[in-house]
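There are 2 protein chains.
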Amino acid sequence: MRKGELTHQTILETAVRLASRVGLQGLSIGGLAEELGLSKSGLFAHFKSKTELQVQVLEAATVVFTGRVVRPALGRARGEPRVRALFDGWLTWDRDSLLEGGCIFVAAAAELDDAPGPARDTLVQGQRDWLDCLAQAARIAVAEGHFQKALDVEQFAHDQYAVMLGFHHAKRLMRDPQAEARARRAFDALVTAARTPTS
Amino acid sequence: MRKGELTHQTILETAVRLASRVGLQGLSIGGLAEELGLSKSGLFAHFKSKTELQVQVLEAATVVFTGRVVRPALGRARGEPRVRALFDGWLTWDRDSLLEGGCIFVAAAAELDDAPGPARDTLVQGQRDWLDCLAQAARIAVAEGHFQKALDVEQFAHDQYAVMLGFHHAKRLMRDPQAEARARRAFDALVTAARTPTS
DNA sequence: CCCTTCATAGAACGGTCGTGCTTTTCGTGC
DNA sequence: GCACGAAAAGCACGACCGTTCTATGAAGGG
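In order, the protein sequences belong to chains A and B. For the first sequence, the tail end lands on 199 under full-length UniProt numbering, and the numbers increase by one without skipping. For the second sequence, the tail end lands on 199 under full-length UniProt numbering, and the numbers increase by one without skipping.
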């Protein structure tokens, strides 16, 4: 691997961590360079623009996310165990020490939702993939007979993610020590409802 | 009313609308002044600092929120109707034309969750009040016999808000046309579960 | 009608932003 | 070991940031 490729990767790692705290907008090239002990222009040379940096940060975060949350869950048994693993994995991801500011995608979602452009497009695609992943896991749980046949798996994925967003809000903004317990209780209710057929 | 008081109020109205789009961080004094046809320093004189402006924007938004969401719901019948009114009111609030960028509190939550200071404190207090309001409505629904006696009303409030956050994400970031239908379905499931005792 | 008080404008500050251009340093294949 | 190309630094730019100071204009009470 080229020397440049290595620094490029190092920059992105630090950038992801930093962006989770200050956001993609707040992530400044000067600040990032200082954190890494690089010069501003030296760092800038790796990306042609700040937008490109933001896009690559999102892509790098997606790679880490896949490795830390999705892939481990795919190693679990098909059906409900995998669905639960995805949920647990996300909770761990959100409070992980690697992301001092919590899930970077949630932070980015708020600041990009009205800012059209490549960064927003990249984020939306990633979130779509993630929701599809959740829905697919639920679909398998239906096929395995763990969840009821008539379950709306997209709705389940949507609701599951809503619980995660609620956790993020309670934990990171409100600093609610019960946040995780609340999230687990909400998710358990979701799973229970998915199991038993609607009366 | 003093002349200054009037402009002060006008500034805050525009600031709230602008901040819902670009965030509290992105809300610049120069940009806000230009939008209003004022000079930067003339506007600045109304607030001793940018932080103070942010705090007052949050407070002004809270007043509007109370008038548009909370107060109308308090006019509804005690119990489940009022709980539903709070939910409906929030959905309307979030997609209201007044807030082109969606609920300003959700946007602020993401950018302030790791930024200690007066603005964060103000936001957290407002969110606490809002969650208390939701919980209190649920508590009344229990007292009225609409919800089961053993219902954990704080958990219900938490779950209800999570559905709202899920709606915001689906609607504003993902531009999902089904966002509202999904949110209503999720909320109905929550209400149904709150009615029938846990087996 | 004057005089004080208040509201706004104007100009300027130090700082940081993203972004180019030019130079120097350094890793690497021959 | 040298030369070539990549990588990083240095420097400068225009723009915008929050903030301060000073001056000007309008409002309002006597």
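All C-beta atoms, glycine included, are put in the ideal place defined by N, C-alpha and C. Note that this is a predicted model, so its numbers are computed, not measured.
Rounded Cβ spacing between residue i and residue j (contact assumed at less than 8 Å)
i              : j              : result
A170 (chain B) : R182 (chain B) : 6 Å
L91 (chain B)  : S20 (chain B)  : That belief does not hold up - the Cβ atoms of L91 (chain B) and S20 (chain B) are roughly 16 Å apart, past 8 Å.
V83 (chain A)  : A137 (chain A) : 5 Å
P81 (chain B)  : Q148 (chain B) : So it is not a contact: roughly 17 Å between Cβ atoms.
L36 (chain A)  : T14 (chain A)  : 6 Å
Nearest neighbour of residue i, chosen from the options [CA to CA]
i              : options                          : result
G30 (chain B)  : B:R139, B:L24 and B:L38          : B:L38
A143 (chain B) : B:H158, B:V83, B:G79 and B:F156  : B:G79
Q54 (chain A)  : A:A33, A:K40, A:S28 and A:G145   : A:S28
L165 (chain B) : B:R95, B:A138 and B:L32          : B:R95
V124 (chain A) : A:A135, A:C133 and A:A109        : A:A109
D132 (chain B) : B:W93, B:T10, B:P81 and B:Q155   : B:Q155
D88 (chain B)  : B:P197, B:T196 and B:R184        : B:R184
Q127 (chain A) : B:M174, B:D113, B:E13 and B:R120 : B:M174
V69 (chain B)  : B:W130, B:A45 and B:R17          : B:W130
Q160 (chain B) : A:A141, A:D152 and A:F187        : A:F187
V191 (chain B) : B:D152, B:R120 and B:T51         : B:D152
R17 (chain B)  : B:I104, B:G42 and B:K40          : B:I104
A107 (chain A) : A:E5, A:R172 and A:G4            : A:R172
Within-7 Å CB hit, residue i to chain A
i                     : result
G126 (chain B)        : no
D94 (chain B)         : no
E59 (chain B)         : no
residue 239 (chain B) : Residue numbering for chain B in the displayed model covers 1 to 199; residue 239 (chain B) lies beyond these limits and cannot be assessed.
E35 (chain B)         : no
E180 (chain B)        : no
G23 (chain B)         : yes
E5 (chain B)          : no
A110 (chain B)        : yes
R195 (chain B)        : no
R71 (chain B)         : no
L99 (chain B)         : no
R139 (chain B)        : no
H169 (chain B)        : yes
A150 (chain B)        : no
L173 (chain B)        : yes
L162 (chain B)        : Checking the sequence, you will find Ala at residue 162 (chain B) rather than Leu. Closer than 7 Å: yes.
L15 (chain B)         : What sits at residue 15 (chain B) in the sequence shown is Ala, not Leu. It does not; no Cβ of chain A falls within 7 Å.
D159 (chain B)        : yes
D121 (chain B)        : no
D129 (chain B)        : no
CB contact check: residue i to chain B, cutoff 7 Å
i              : result
E52 (chain A)  : no
L165 (chain A) : yes
L134 (chain A) : no
G89 (chain A)  : no
R84 (chain A)  : no
R184 (chain A) : no
L18 (chain A)  : no
H8 (chain A)   : no
D188 (chain A) : no
A77 (chain A)  : no
A45 (chain A)  : no
A107 (chain A) : yes
Alpha-carbon spacing of residue i relative to residue j, whole angstroms
i              : j              : result
H8 (chain A)   : T62 (chain B)  : 44 Å
A189 (chain B) : P72 (chain B)  : 24 Å
E111 (chain A) : L24 (chain A)  : 8 Å
H146 (chain A) : H158 (chain B) : 27 Å
A179 (chain B) : R76 (chain B)  : 25 Å
R2 (chain B)   : A115 (chain A) : 38 Å
F167 (chain B) : A162 (chain A) : 8 Å
A33 (chain B)  : A85 (chain A)  : 50 Å
L74 (chain A)  : P177 (chain B) : 30 Å
D113 (chain A) : V22 (chain B)  : 10 Å
R139 (chain B) : G67 (chain B)  : 22 Å
A60 (chain B)  : L58 (chain A)  : 34 Å
T134 (chain A) : A141 (chain B) : Here residue 134 (chain A) is Leu; the residue named in the question, Thr, does not match the sequence. About 33 Å.
G101 (chain A) : I11 (chain A)  : 18 Å
G4 (chain B)   : D121 (chain B) : 27 Å
G26 (chain B)  : L6 (chain A)   : 33 Å
H46 (chain B)  : W93 (chain B)  : 28 Å
P118 (chain A) : S49 (chain B)  : 34 Å
F56 (chain A)  : A150 (chain B) : Residue identity differs from the one stated: residue 56 (chain A) is Gln in this sequence, not Phe. One C-alpha to the other measures close to 49 Å.
S41 (chain B)  : T51 (chain B)  : 16 Å
Suppose only complete runs of 4+ residues qualify. What are the alpha helix (DSSP H) ranges in the region 92-143 of chain B, listed by chain order? 104-112 and 118-143
Mind listing, in chain order, the continuous alpha helix (DSSP H) runs of no fewer than 4 residues lying wholly within the UniProt domain "HTH tetR-type" (5-65) of chain B? 29-36, 40-44 and 50-65
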